[in-house]
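Numbering (the numbering used here), first residue to last: 163 to 563. All residues carry an ideal CB built from backbone N, CA and C; glycine is no exception. Quick notes on the structure that follows.
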């Protein structure tokens with residue numbers, strides 16, 4: 163009789179365990195990424211480059227790197243920085259641009275004709291709010307021209323690309339123009355920095371743009387978030403335009419909570435992959451999860467995945483050789499802070515490996531790429547242990563085993 167009772171007890175325990183797993187699965191939602199293998203790439207080198215944050219990194223034609231963000235300039239607040247490094251992350255030169263004060267660079271690209279283009283924001287000339295700030299430099303970081311765009315209120319640029327005609331396209335947000343509280347702001351410049359046109363997109367709520375890519379047909383794809391076309395919470399907002407910025411289609415993606423699209427990349431089959439964060443709502447409590455999804459050329463969702471067993475976000479995505487993606491952002495730690503979060507996936511979004519860079523306080527990756535030697539370079543912020551604030555972080559991982 164004792165053996166039979168133990169057997170029944172074991173069966174009930176097994177049933178309880180299965181029910182618990184089912185509850186956990188429902189809590190985190192369908193499409194949650196599968197468990198990752200234990201291996202990850204080795205850290206090759208890591209540098210901190212002074213007070214501030216790095217927001218974007220690109221690899222240059224000679225194999226080095228250039229990065230931008232903000233650095234502390236004392237009484238006048240932050241300045242945009244442009245740092246040029248060799249392939250080991252050692253600084254070759256560093257430049258700062260004050261703008262009108264309290265300035266930040268969010269995106270940088272190497273220009274085909276030589277030099278660099280930076281976009282971000284700076285204090286308005288009247289001192290009330292912020293304007294879009296654009297700096298074009300030569301190959302040594304010396305400014306060739308600077309431009310400000312915006313109106314009476316807060317305006318910024320988050321992402322820039324050089325277009326096929328030699329000009330530039332950048333996307334961000336505007337409080338000064340458009341239909342609502344904030345609208346997505348898209349501006350086209352020629353090679354000399356002259357504005358050819360500008361467009362706003364959105365409704366009566368708050369709508370912001372965070373990433374833009376030029377498409378093969380000459381049009382543009384913009385990713386961001388929208389409160390105008392959702393049920394009260396932000397949804398991921400995707401807009402496809404023609405070459406003149408006129409809307410071809412626009413779509414929102416999201417659930418019951420807040421969902422954001424921070425970065426995007428194009429795929430070889432004509433689709434688009436968007437990275438961000440998704441709030442998963444359940445009776446057991448909400449969780450903000452790193453989020454990745456793919457859509458076809460018409461914006462139809464093909465697959466979606468969430469990652470991380472704690473609060474996490476993706477702020478940047480980059481394609482990798484052989485297919486798949488590498489992403490960075492932040493992930494909550496057991497101590498209540500955030501670690502830099504890095505995930506490598508296959509082309510279907512399934513994790514190949516993941517790793518974190520731990521630290522006290524708030525640490526985050528804002529931009530990542532696969533280097534030509536198949537390593538991974540990221541930039542972001544590292545919390546300063548004693549003084550508070552943050553340091554500019556530049557880190558390289560080697561090829562994963």
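Check                                                                                                                                                                           : Outcome
So for residue 236, helix, strand or coil by DSSP?                                                                                                                              : helix
Residue 311 lies in the beta strand (DSSP E); which residues open and close that run?                                                                                           : 305 to 311
Rank 508, 253 and 491 by C-alpha distance to the C-alpha of residue 450 and give the top, closest one.                                                                          : 491
In chain order, what residues of the same chain have a beta carbon less than 7 Å from the beta carbon of residue 485, not counting five sequence neighbours either side?        : 508 and 509
Could you tell me the alpha carbon to alpha carbon distance between residue 273 and residue 279, rounded to whole angstroms?                                                    : 7 Å
Quick check: what's the CA-CA separation for residue 416 versus residue 344?                                                                                                    : 19 Å
From residue 365 to residue 300, what does the alpha carbon distance come to, in whole angstroms?                                                                               : 39 Å
So, under 8 Å CB-CB, residue 352 and residue 329 are touching, yes? Tell me the CB distance rounded to an integer number of Å.                                                  : 5 Å
Using the beta-carbon count (16 or more within 10 Å), is residue 418 buried or exposed?                                                                                         : exposed
Between the segment 259 to 272 and the segment 231 to 242, do three or more beta carbon pairs fall short of 8 Å?                                                                : yes
According to DSSP, is residue 478 helix, strand or coil?                                                                                                                        : strand
So which of 545, 203, 389 and 497 has the shortest CA-CA distance to residue 414?                                                                                               : 389
Short of 7 Å in beta carbon distance, which residues of its chain neighbour residue 428, apart from the five on each side in sequence? Order them along the chain.              : 375 and 434
Excluding the 5 residues preceding and the 5 following residue 443 in the sequence, name in chain order all residues of the same chain whose CB lies nearer than 8 Å to its CB. : 417, 418 and 419
What do you get for residue 275, buried or exposed, if any count of 16 or more other CB atoms within 10 angstroms of its CB means buried?                                       : exposed
Let me know the secondary structure DSSP gives residue 319 once reduced to three states.                                                                                        : strand
Is residue 423 near residue 381, with beta carbons less than 7 Å apart?                                                                                                         : no
By the three-class DSSP mapping on this structure, what secondary structure does residue 325 have?                                                                              : coil
Look up residue 385 in the DSSP assignment and say whether it is helix, strand or coil.                                                                                         : strand
Using a Cβ-Cβ cut-off of 8 Å (strictly less than) and excluding sequence neighbours within five positions of residue 499, which residues of its own chain qualify?              : 521, 522, 523, 524, 525 and 545
By the three-class DSSP mapping on this structure, what secondary structure does residue 254 have?                                                                              : strand
Using a Cβ-Cβ cut-off of 8 Å (strictly less than) and excluding sequence neighbours within five positions of residue 226, which residues of its own chain qualify?              : 246, 247, 248, 249 and 254
Relative to the alpha-carbon of residue 395, which residue among 233, 314, 441 and 549 has its alpha-carbon at the smallest distance?                                           : 441
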